[in-house]
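Heads up: the structure comes next, in structure tokens.
Below is the structure:
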């Protein structure tokens, strides 16, 4: 029996990922559809078609400091380990949001939530498991001013990533980020920090994970036709969440490409972390 977990799964890409995984997994398998609101979790479960793996709804808010550890402990008790984890939970922002007003909650979900999930679920990974963070092509150093590259370039621990995120968050909150080299679009440093977190954890686990057939990676699903994306860009011709979920499910269920380990992957290809950079 295989166990899969998808965070932020009550709508959009997360819900599509649950459906795609469930339809391609076996009836004895379980896919956990998680979100922070119990009513929305239950409603999302009820929208899914029958067939394939069982879908089980659970309340799990990655923005709550101890939630990832508690949920991982629950799954350890129930199943002994996990096979697929998609960290997809995200706080979305619109063009009219003031970064100073939202950056605390934003980083709690998108960044500290990511590192909490990585810390909590990495020890539960079974052989041939997948631990995948849904990020963005914005999550490379190409999108950051060179003077800031050293902040995220080669961080060796999740604690170090959290320290850099906290420093950036504080600069946004007090307004000094706008006076410096930080981009005004908070998604850019946030996505870079997510990829840096994957790279940091992978650097510590690379040899053992490769021996056991485990893949840890960040993934870019590309532009998706959702209402939130539509606030920023013209997404009228972009893929639907269901279409965007297909290559992500392929990454989770297909054979491991060693070149993907610890990297940001888009449509099966590694996106270089830095200018002139190559996959490790």
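In the working numbering, the protein residues as written are -16 to 263. No residue lacks a Cβ here, since even glycine has one placed at the ideal position from N, Cα and C.
CB-CB length for residue i against residue j, believed under 8 angstroms
{"i": "residue 112", "j": "residue 169", "result": "The Cβ separation is near 31 angstroms, so there is no contact."}
{"i": "residue 230", "j": "residue 251", "result": "7 angstroms"}
{"i": "residue -10", "j": "residue 43", "result": "6 angstroms"}
{"i": "residue 248", "j": "residue 156", "result": "The Cβ separation is near 32 angstroms, so there is no contact."}
{"i": "residue 273", "j": "residue 67", "result": "Examination of residue 273 is not possible in this model, given that the chain is present from -16 through 263 alone."}
{"i": "residue 132", "j": "residue 257", "result": "7 angstroms"}
{"i": "residue 136", "j": "residue 203", "result": "No, residue 136 and residue 203 are not in contact; Cβ-Cβ is about 19 angstroms, not under 8 angstroms."}
{"i": "residue -4", "j": "residue 228", "result": "6 angstroms"}
C-alpha gap between residue i and residue j, whole angstroms
{"i": "residue 37", "j": "residue 7", "result": "11 angstroms"}
{"i": "residue 207", "j": "residue 92", "result": "20 angstroms"}
{"i": "residue -7", "j": "residue 99", "result": "20 angstroms"}
{"i": "residue 239", "j": "residue 194", "result": "12 angstroms"}
{"i": "residue 129", "j": "residue 165", "result": "10 angstroms"}
{"i": "residue -1", "j": "residue 226", "result": "8 angstroms"}
{"i": "residue 84", "j": "residue 148", "result": "16 angstroms"}
{"i": "residue 263", "j": "residue 255", "result": "In this prediction, residue 263 has a pLDDT of 45, which is less than 50 and means its spatial position is unreliable; what the coordinates show is noted afterwards. Going by the C-alpha atoms only, they are around 9 angstroms apart."}
{"i": "residue 47", "j": "residue 162", "result": "31 angstroms"}
{"i": "residue 146", "j": "residue 10", "result": "43 angstroms"}
{"i": "residue 82", "j": "residue 69", "result": "26 angstroms"}
{"i": "residue 13", "j": "residue 153", "result": "40 angstroms"}
{"i": "residue 45", "j": "residue 71", "result": "10 angstroms"}
{"i": "residue 101", "j": "residue 17", "result": "16 angstroms"}
{"i": "residue 1", "j": "residue 23", "result": "14 angstroms"}
{"i": "residue -15", "j": "residue 61", "result": "12 angstroms"}
{"i": "residue 232", "j": "residue 144", "result": "27 angstroms"}
Per DSSP, the bridge partner or partners of residue i
{"i": "residue -14", "result": "13"}
{"i": "residue 200", "result": "115"}
{"i": "residue 65", "result": "108"}
{"i": "residue 248", "result": "202, 253"}
{"i": "residue 70", "result": "116"}
{"i": "residue 18", "result": "42"}
{"i": "residue 37", "result": "13"}
Same chain only: Cβ atoms within 7 angstroms of residue i, ignoring 5 sequence neighbours per side
{"i": "residue 59", "result": "107"}
{"i": "residue 181", "result": "116, 199, 200, 201, 245"}
{"i": "residue 189", "result": "244, 245"}
Own chain residues within Cβ distance below 8 angstroms of residue i, not counting five before or after
{"i": "residue 187", "result": "139, 140"}
{"i": "residue 110", "result": "195, 196, 197"}
{"i": "residue 241", "result": "193"}
Contacts around residue i, its chain only, beta-carbon distance under 6 angstroms, and the 5 residues preceding and following it disregarded
{"i": "residue 15", "result": "-12, 39, 41"}
{"i": "residue 151", "result": "172"}
{"i": "residue 103", "result": "51, 52, 55"}
{"i": "residue 261", "result": "With a pLDDT of 44 at residue 261, under the threshold of 50, the predicted position of this residue should be treated as unreliable, though the coordinate-derived value follows. Within the same chain, residue 261 has no close Cβ partners at all."}
Residue i beta carbon near the ligand NAP (any heavy atom closer than 7 angstroms)
{"i": "residue 33", "result": "Absence of the ligand NAP from the depicted structure is noted, as is the absence of any ligand whatsoever, leaving it without description."}
- Message: Would you call the stretch 116 to 124 in contact with the stretch 171 to 189, where contact means no fewer than 3 C-beta pairs closer than 8 angstroms?
- Response: Result yes; three or more Cβ-Cβ pairs closer than 8 angstroms.
- Query: Three or more C-beta pairs closer than 8 angstroms, one from the stretch 67 to 79 and one from the stretch 28 to 36: is that the case here?
  - Reply: Taking a contact to require three or more Cβ pairs closer than 8 angstroms, the stretch 67 to 79 and the stretch 28 to 36 do not qualify as touching.
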